[in-house]
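For the sequence shown, the positions run -9 to 170 when the working numbering is used.
Ideal placement from N, C-alpha and C gives every residue a C-beta, glycine not left out.
Report on the following structure.
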Amino acid sequence: MTDIKIEIKYSKRRKKTVSAVFRNDTLIISAPQNINKQFLDDFIKKTKRKYFVSMENKKTNLKELSLKLMKKYFSKAIRDKIGNDFDITFVSTQKTVLGVCNYANRTIRLSDVLIPLPNWITNYVIIHELAHFIEPNHSKRFWEIVNNYPYVDQAKSFLQGLFFGVSHYKEFLSFKTFDL
Ligand SMILES: [Zn+2]
């Protein structure tokens, strides 16, 4: 995660409210003088995440990337069916699923946990969610569409390994290289 400078201004006048504003690359926090340290830490963490996600959304044009991936991996018939009328963004509030496709609202929400992962993993999740515009379930037809992306199996293995590692082997997180 890119780091940003933090400046905390304590105020005697403030009673309860904490507020945050970004100026250049500095997050300026205004807080009551007697604020609970844990509460303030959590607030800063959450605000930093939101900032990080909005920066990433600005940097990566996910809609453009989605259309590019569709053009590369989906047939014209599938592309025409999905169309151009959808919205796709990273969000910081999605902690248990990597992607959610809302067919009715024409939106795809990607979890910010994807941001540091290699592009070909995010591309897989985008393709997976785009295919849900056609097939809501993981049907045979759904996988026929998704499998046009050549790295589906690798991406699944990568993510399964990642989930397994994070939940079972926290000590691996400090490993820098693997001698494979
Ligand atoms: Zn799915």
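- Residues of the same chain with a CB within less than 6 Å of the CB of residue 110, apart from the 5 flanking positions on each side, are 141 in chain order.
- Beta-bridge annotation (DSSP): residue 8 is not paired with any residue.
- Of the candidates 15, 31, 4, 4 places its Cα closest to the Cα of residue 21.
- In terms of side-chain proximity, the C-beta atom of residue 158 is found no nearer than 7 Å to any non-hydrogen atom of ligand 1.
- Excluding five sequence positions before and after residue 68, the CB atoms of its chain that fall closer than 7 Å to its own CB belong to 124, 135, given in chain order.
- Shown here for residue -1: same chain residues with a beta carbon closer than 6 Å to its own, the five before and five after excluded, namely 20 in chain order.
- A residue is listed when its beta-carbon falls short of 6 Å from at least one non-hydrogen atom of ligand 1; in chain order these are 118, 122, 128.
- In terms of CA proximity to residue 122, 76 leads the group 76, 61, 25.
- In the three-state scheme derived from DSSP, where H, G and I count as helix and E and B as strand, residue 44 is classed as helix.
- Annotation for residue 118: 89, 136 place their beta carbon closer than 8 Å to its own, counting only its chain and skipping 5 residues before and after.
- Pairing residue 56 with residue 23, the inter-Cα distance amounts to about 47 Å.
- Uninterrupted alpha helix (DSSP H) stretches at least 4 residues long and entirely within the stretch 80 to 123 occur at 109 to 121, given in chain order.
- Residue burial annotation: residue -4 is exposed, with fewer than 16 other C-beta atoms found within 10 angstroms of its C-beta.
- DSSP, reduced to helix, strand and coil, places residue 65 outside both helices and strands of the structure shown, so it counts as coil.
- According to the DSSP assignment, residue 18 belongs to the beta strand (DSSP E) that extends over 16 to 22.
- In the DSSP assignment, residue 1 forms a beta bridge with 22.
- Taking a C-beta distance under 8 Å as the contact criterion, residue 43 and residue 25 do not qualify as a contact pair.
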